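Working notes for the structure below.
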Amino acid sequence: MHATFPASELKAMFQSMLRIRLIEEAIADKYPADKPENQKMRCPVHLSIGQEAVPVGICEELRNDDQIGLTHRCHAPYLAKGGDLRAMIAEMYGKETGCCGGRGGSMHLYDDAAGVLTSLPIVGSVIPIAVGAALAMQQVGSDAVSVSFFGDAASEEGVFHESMNFAALKKLPTIFAIENNHYSVYTSLSDRQPDRPLEKMAEAYGMPAFHGDGNDVAGVRIAAREAIERARTGGGPTLMVFDTYRWREHCGPNYDNHIGYRSEGEFQHWKEKCPVETMRRLLKQEHGFGDDDEAVMVTVINSEIEDAFVYAENSPLPDAETAGDLVYA
Amino acid sequence: MPDKRIMNVAEAIREATDTCMERDDRVFLMGEGVADPAAIFGTTRGLADKYGANRVIEMPVAENGFTGVAIGAAMMGRRPIIIHQRVDFSLLSLEQLFDNAAKTCYVTRGQHTVPLVVRMIIGRGWGQGPAHSQSLESIFAHVPGLKVVMPSSPRLSKGMMIAAIEDPNPVLMLEHRWVHYVEGDTPEGYYTVPLEGTTKVRDGGHVTIVANSYMRYEASEAAAALAEVGVEVDIHDLTVLRPLNVDAIVESVSKTGHLLVVDSGWMQHGIGSEVITRVVEQNLTALKAAPRRLGLSDHPTPSSRELAKDYYPRAFDIADSVADMLDLPDDKRDQVTTMINKARGSLPADIPNPAFRGPF
Ligand SMILES: Cc1ncc(C[n+]2csc(CCOP(=O)(O)OP(=O)(O)O)c2C)c(N)n1
Chain H
48 MHATFPASEL
58 KAMFQSMLRI
68 RLIEEAIADK
78 YPADKPENQK
88 MRCPVHLSIG
98 QEAVPVGICE
108 ELRNDDQIGL
118 THRCHAPYLA
128 KGGDLRAMIA
138 EMYGKETGCC
148 GGRGGSMHLY
158 DDAAGVLTSL
168 PIVGSVIPIA
178 VGAALAMQQV
188 GSDAVSVSFF
198 GDAASEEGVF
208 HESMNFAALK
218 KLPTIFAIEN
228 NHYSVYTSLS
238 DRQPDRPLEK
248 MAEAYGMPAF
258 HGDGNDVAGV
268 RIAAREAIER
278 ARTGGGPTLM
288 VFDTYRWREH
298 CGPNYDNHIG
308 YRSEGEFQHW
318 KEKCPVETMR
328 RLLKQEHGFG
338 DDDEAVMVTV
348 INSEIEDAFV
358 YAENSPLPDA
368 ETAGDLVYA
Chain V
982 MPDKRIMNVA
992 EAIREATDTC
1002 MERDDRVFLM
1012 GEGVADPAAI
1022 FGTTRGLADK
1032 YGANRVIEMP
1042 VAENGFTGVA
1052 IGAAMMGRRP
1062 IIIHQRVDFS
1072 LLSLEQLFDN
1082 AAKTCYVTRG
1092 QHTVPLVVRM
1102 IIGRGWGQGP
1112 AHSQSLESIF
1122 AHVPGLKVVM
1132 PSSPRLSKGM
1142 MIAAIEDPNP
1152 VLMLEHRWVH
1162 YVEGDTPEGY
1172 YTVPLEGTTK
1182 VRDGGHVTIV
1192 ANSYMRYEAS
1202 EAAAALAEVG
1212 VEVDIHDLTV
1222 LRPLNVDAIV
1232 ESVSKTGHLL
1242 VVDSGWMQHG
1252 IGSEVITRVV
1262 EQNLTALKAA
1272 PRRLGLSDHP
1282 TPSSRELAKD
1292 YYPRAFDIAD
1302 SVADMLDLPD
1312 DKRDQVTTMI
1322 NKARGSLPAD
1332 IPNPAFRGPF
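Chains as they are written, first to last, in the numbering used here: chain H, 48 to 376; chain V, 982 to 1341.
Here it is, written out as structure tokens:
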């Protein structure tokens, strides 16, 4: 399967995943409120550590004018689609230079230049918004597509089904991408949904579906390519379900396997399937990617991260006087 | 004197729920997180173990659907309690609440009732931002057929929670997240606090302040400082928004001639508008000055601490409003500000006052 991609492409995917990983680890490092010198990112954060392959695999296939709609867990797809790192970190710092000027915090990231339409923290809320973006594309005759990224739990909301129905009915150029990390906060999928494959839900709407390993970035990308091509050429929407796992707590920087809702063993099982490590191994074993190559990559990424945090730190807070501006256009 | 039973509001709500579940096996809980390790900020702690998964039901993330399910079960005589970790999540269920919970009794001329309790938590602080910190009580209080309560102390929370569970009507209970930390003496065992009227929390003859939920505590802080300069404030905690009974407020204003209402939510079409209207309707001539309102700034909740710093009315704003109404001289105003600052310390505005502890 990986033969589909030349080494340069594999390296690009690795770089994108590693970059997201290092950025989120930097956030996790600087976030904890127990360090008084921290307490600067004063907003909830939902990390995607362990889940990098789905956003990267899909976004590598998207054009700049394609739009993505995201949830509370938005950092990874925002970055994978090319969202501005400085504006993201500054937003988390509540600064004027953040993508929302500090109004949204980490759950409301967007970047028009990169085709990140919106991130919305109410579960399921973004799904019809992405469908609406696809309707707009269809109306103006563009061949752009939209993708909604969301978790397994969002497929329990009525609005998911309403959106699937409408998108299928109108053959809209959109993709419903479920990052199935098997939990809604502390509640496992098996306590919330009957035991049947999630992708079967597409059948009820006569929609093509795909189910695959959400930690295999190349596999995600190949599947996404097909779905995106179908959407671009008038073939309508696809439901894509990718199995993956969130390593850290639902909201916040810590590990929480000890509190009892999931086992350390389960976590270790998924950690073995780390998407970043898997790709690293492949590159090193089969593509002559050396430790020194990686070191160069890491150096570049780290300096970009350093720059973004310094930028956020040094940016001004927004002027409190402007808090009431632009409630209306 | 028997020992005081000091607990916080979260524990009091837990105790009320436990008391009712023990007394009445029709009572059951449903919601996202009711049986998880965080147990809805501790308010359902231990209940899943004690009563089992049939009575503490972990729900799919499907608010509109499960609210309808609860209403259906309630119509069949069960006693469901729904919990939303944020008011904002309940918005998905408004159709069921407004059309079915609120109207069933009326349409069936009392033949069907909906004995449902919906608990909703109002978030504040730590940059939760526009969609996780809305205080939407006035929207719910607009709808005939719903009861809407906002208890602010452990004693009130426990007694009103029990009354809500026993009430044959749908009762929505809005709990400010910061109120969960409030501690106080809480009676043991079974008791109820009626779901009507106001609760007087301070006695004074110069100004009437009506505040609800967490704003009661900001008002009390202001009142304590104002007392130092000889201004005595009568504080009425509006614990029940619907059915609304303002008798005690009208009586108080008849005595003080001054009225300030502090909303937990936005002011436009809000609680303050309603309370002031009622007072004016019932005793216009009692007012010696124009009544005043405070509430959230008229825009969504920004995440950034800097943008949010003037968003919520604080003790300072309340004291200022009172000072304006009474035309207090500058030296007294300064004294009041100093007092409030001293009581509060240097805490940032996005975390609760010193009486409260995290997390958020
Ligand atoms: C309508 C609504 N209900 C509940 C919540 C609280 N909540 C926030 S994230 C979350 C879990 C969502 O799980 P999933 O959709 O699978 O995404 P994940 O967090 O696993 O990425 C819940 C229940 C919410 N934000 N919105």
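C-beta: ideal position from N, C-alpha, C; glycine also.
A quick note: this is a predicted structure, and the numbers were derived from the prediction, not measured.
Check                                                                                                                                                                                     : Outcome
Residue 156 of chain H and residue 67 of chain H - do their beta-carbons sit closer together than 9 angstroms?                                                                            : no
In three-state DSSP terms, what is residue 290 of chain H?                                                                                                                                : strand
Checking 9 angstroms against the spacing of the C-beta atoms, do residue 1093 of chain V and residue 1056 of chain V come in under that value?                                            : yes
In whole angstroms, what is the alpha-carbon distance linking residue 1000 of chain V and residue 1170 of chain V?                                                                        : 7 angstroms
Write down every uninterrupted run of the alpha helix (DSSP H) in the segment 184-249 of chain H whose length is 4 residues or greater and which is fully enclosed by it, in chain order. : 205-216
Mind pulling the chain H residues with CB within less than 8 angstroms of residue 1107 of chain V?                                                                                        : 89, 90 and 91
Report the neighbours of residue 1046 of chain V on chain H: residues whose CB is nearer than 7 angstroms to its CB, in chain order.                                                      : 205
Which value, in whole angstroms, describes the spacing of the CA atoms of residue 941 of chain V and residue 342 of chain H?                                                              : Only positions 982 to 1341 of chain V appear in the structure, and residue 941 of chain V is not among them; the question remains open.
Determine the direct distance from the alpha carbon of residue 1294 of chain V to that of residue 1321 of chain V, and round the result to whole angstroms.                               : 14 angstroms
Helix or strand or just coil, what does DSSP make of residue 1061 of chain V?                                                                                                             : strand
Does any residue of chain H have a CB that is nearer than 9 angstroms to the CB of residue 1042 of chain V?                                                                               : yes
Closest to residue 152 of chain H by CA distance: which of V/1225, V/1105 and V/1110 is it?                                                                                               : V/1110
Take residue 1047 of chain V as the anchor and find which of V/1308, V/1231, V/1172 and V/1081 has the nearest alpha-carbon.                                                              : V/1081
Note down, in chain order, each residue of its chain lying with its Cβ closer than 6 angstroms to the Cβ of residue 1188 of chain V, except the 5 sequence neighbours on either side.     : 1214, 1237, 1239 and 1303
Of all Cβ atoms in chain H, is any one closer than 9 angstroms to the Cβ of residue 1070 of chain V?                                                                                      : yes
Here's the rule: buried if 16 or more other CB atoms are within 10 angstroms of the residue's CB, otherwise exposed. What is residue 290 of chain H?                                      : buried
Got a sec: is the Cβ-Cβ distance from residue 1155 of chain V to anything in chain H below 9 angstroms?                                                                                   : no
Residues of chain H with CB under 7 angstroms from residue 1262 of chain V, in chain order?                                                                                               : Chain H residues near residue 1262 of chain V: none, gap ~31 angstroms exceeds 7 angstroms.
Can you find a heavy atom of ligand 1 that lies under 8 angstroms from the Cβ of residue 1073 of chain V?                                                                                 : yes
Tell me the DSSP secondary structure of residue 1214 of chain V in three-state form.                                                                                                      : strand
Is residue 1066 of chain V near ligand 1, in the sense that its beta carbon is under 8 angstroms from a heavy atom of that ligand?                                                        : yes
Should residue 1195 of chain V go down as buried or exposed, given a rule of 16 or more other Cβ atoms within 10 Å for buried?                                                            : buried
At a Cβ cut of 7 angstroms, what residues of the segment 228-241 of chain H count as close to chain V, listed as they run along the chain?                                                : 231, 232, 233, 234, 238, 239 and 240
Ligand 1 and residue 228 of chain H: does the residue's C-beta get closer than 8 angstroms to at least one heavy atom of that ligand?                                                     : yes
I want to see whether chain H comes within less than 9 angstroms of residue 1118 of chain V, judged by CB atoms only; does it?                                                            : no
Does the beta-carbon of residue 353 of chain H, which I'm using as the reference point, lie nearer than 8 angstroms to any heavy atom of ligand 1?                                        : no
Tell me, please, whether the CB atom of residue 376 of chain H is closer than 9 angstroms to any CB atom in chain V?                                                                      : no
If we ignore side chains and look at the alpha-carbon of each, how far apart do residue 1206 of chain V and residue 1182 of chain V end up?                                               : 15 angstroms
Between the beta-carbon of residue 61 of chain H and the beta-carbon of residue 330 of chain H, is there less than 9 angstroms?                                                           : yes
Ligand 1 and residue 224 of chain H: does any heavy atom of the ligand fall closer than 8 angstroms to the residue's C-beta?                                                              : no
At which residues does the alpha helix (DSSP H) containing residue 995 of chain V begin and terminate?                                                                                    : 990-1004
Going by the DSSP bridge assignment, what does residue 257 of chain H pair with across the sheet?                                                                                         : H/287
Classify residue 1244 of chain V as helix, strand or coil using the three-state DSSP reduction.                                                                                           : strand
Closest to residue 283 of chain H by C-alpha separation, out of H/192, H/294, H/314 and H/350, would be which residue?                                                                    : H/192
Beta-carbon separation of residue 1185 of chain V and residue 1230 of chain V under 9 angstroms?                                                                                          : no
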